[in-house]
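Engineer: One structure, pasted below without further comment.
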Amino acid sequence: MRRAKVAYAGAIHDAVEKDGRLQLNDGRIVEEQAVVWLPPFEPKTVFALGLNYADHAAELSFKAPEEPLVFLKGPNTFIGHRGQTRRPADVEYMHYECELAVVIGRPARNVKREEAYEYVSGYTIANDYAIRDYLENYYRPNLRVKNRDTCTPIGPWFVDKKDIPDPMNLSLKTYVNGKVTQEGNTKDMVFDIPYLIEYLSSFMTLNEGDVILTGTPKGSVDTKVGDEVITEIEGIGRLINTIVGDDLFGIGPVPQEEASKQTT
Numbered sequence: 002m003r004r005a006k007v008a009y010a011g012a013i014h015d016a017v018e019k020d021g022r023l024q025l026n027d028g029r030i031v032e033e034q035a036v037v038w039l040p041p042f043e044p045k046t047v048f049a050l051g052l053n054y055a056d057h058a059a060e061l062s063f064k065a066p067e068e069p070l071v072f073l074k075g076p077n078t079f080i081g082h083r084g085q086t087r088r089p090a091d092v093e094y095m096h097y098e099c100e101l102a103v104v105i106g107r108p109a110r111n112v113k114r115e116e117a118y119e120y121v122s123g124y125t126i127a128n129d130y131a132i133r134d135y136l137e138n139y140y141r142p143n144l145r146v147k148n149r150d151t152c153t154p155i156g157p158w159f160v161d162k163k164d165i166p167d168p169m170n171l172s173l174k175t176y177v178n179g180k181v182t183q184e185g186n187t188k189d190m191v192f193d194i195p196y197l198i199e200y201l202s203s204f205m206t207l208n209e210g211d212v213i214l215t216g217t218p219k220g221s222v223d224t225k226v227g228d229e230v231i232t233e234i235e236g237i238g239r240l241i242n243t244i245v246g247d248d249l250f251g252i253g254p255v256p257q258e259e260a261s262k263q264t265t
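When you line the sequence shown up against the numbering used here, it's residues 2 to 265, in that order.
Given below as structure tokens:
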């Protein structure tokens, strides 16, 4: 089942897909364009993988890592389907990253690989934008690269685990303004989902609602203000996002008339 969380008519609703429309938890059927899409669940601790596809590492002139490169993301980064992501005016290179997001369903500690999927509740799509201008080291991406407000659209659907029989063989694609710019498959991950759950749970407890962002394949290109970016994963859906400038966030130079007031 595909589940979503949306705002409609002044309230927040859980919803499910029904014949190309949305059925709200109160029974009403609405068009997908009539709602404001929110992240399909509230992410708790979010683990993100760096360089987890060998072709993406090679694209950046790096060797694939011998141990998972993991960093954390704060809740301020997440927005929903059809949301707007800010591109700061002073950056020169900001690229998308289409990623399979794995959602943990119950506490996990010292999990063995062969039991890892028992702790997964489902999957969604994440588009984890990176601002390369701020990057100091690909092996240790700093906060300014990966924790910018609005820079991680997620959704639109939370898809139950049982509906994705083989998450390690899903095609991923990204479209910028309708053109395919990135293609890959989850089978090409350096560290697969069972490995990552075993690795993380070996030194800390994973809890319900925690999320693992599993990395992105090669094909990341710069995006500009006005671009529509669609990240798509087989069996899960299409996550639509638009790049906007500082002006829509009230950020920018002070208008001349305001500057005059501030100096008098």
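Cβ atoms here follow ideal geometry from the backbone N, Cα and C, with glycine treated the same way.
Looking at the structure shown, is T153 part of a helix, part of a strand, or coil, going by DSSP?
Structural biologist: As a working note, residue 153 is residue 152 in the sequence shown. Strand, per DSSP.
Engineer: Does T78 pass the burial test, meaning 16 or more other C-beta atoms within 10 Å, or should it be called exposed?
Structural biologist: Residue 78 sits at position 77 when you count from the first residue of the sequence shown. T78 should be labelled buried.
Engineer: Measuring straight from C-alpha to C-alpha, what distance separates P256 and L73?
Structural biologist: In the sequence shown, the residue the question calls residue 256 occupies position 255. In the sequence shown, the residue the question calls residue 73 occupies position 72. Caution is warranted here: a pLDDT of 48 is assigned to P256, below 50, making its placement in the model unreliable, and the coordinate value is therefore given only provisionally. Rounded to whole angstroms, P256 to L73 spans 37 Å at the Cα level.
Engineer: Compare the Cα-Cα distances from R4 to each of I194, L201, R22, E115 and report the closest residue.
Structural biologist: Taking the sequence shown and counting its residues from 1, one reaches residue 4 at position 3. Closest by alpha carbon: R22.
Engineer: To which residues does DSSP link F79 through a beta bridge?
Structural biologist: Mapped onto the sequence shown, residue 79 falls at position 78. According to DSSP, which records beta bridges pairwise, F79 is partnered with T153.
Engineer: Drop a sphere of 10 angstroms on the beta-carbon of K6, count the other beta-carbons inside from all chains shown, and report buried for 16 or more, exposed for fewer.
Structural biologist: Mapped onto the sequence shown, residue 6 falls at position 5. Buried.
Engineer: For Y176, which residues of its own chain have a beta-carbon under 6 Å away from its beta-carbon, when the five flanking residues on both sides are left out?
Structural biologist: What you label residue 176 is simply residue 175 of the sequence shown in a count that begins at 1. Cβ neighbours of Y176 beyond the five flanking positions: I231.
Engineer: Whose CA, out of S202, H14, T151, T215, lies closest to the CA of K188?
Structural biologist: For this step, residue 188 is matched to residue 187 along the sequence shown. With distances taken between Cα atoms, K188 lies closest to T215.
Engineer: Three Cβ pairs or more, each shorter than 8 Å: is that satisfied between the region 78-90 and the region 159-167?
Structural biologist: no
Engineer: Considering only the alpha carbon of each residue, which of G156, V36, P108 lies closest to T46?
Structural biologist: Numbered from 1 along the sequence shown, position 45 holds the residue referred to as residue 46. Of the listed residues, the one whose Cα sits closest to T46 is P108.
Engineer: Is it a yes or a no for the region 241-254 touching the region 117-127, going by three-plus beta-carbon pairs under 8 Å?
Structural biologist: no
Engineer: With 16 as the cutoff for other CB atoms within 10 Å, does A117 come out buried or exposed?
Structural biologist: As a working note, residue 117 is residue 116 in the sequence shown. When all chains shown are included, A117 counts as buried.
Engineer: Flag G84 as yes if its beta-carbon sits less than 9 Å from any beta-carbon of chain C, otherwise no.
Structural biologist: The chain inventory of the structure shown lacks chain C, comprising one protein chain alone.
Engineer: Can you tell me where the beta strand (DSSP E) with V36 in it begins and where it stops?
Structural biologist: Here residue 36 refers to the residue found at position 35 of the sequence shown. Run containing V36: none; DSSP gives neither H nor E here.
Engineer: Looking at C-beta atoms only, is the number of pairs between the region 165-184 and the region 23-32 that lie closer than 8 Å three or more?
Structural biologist: no
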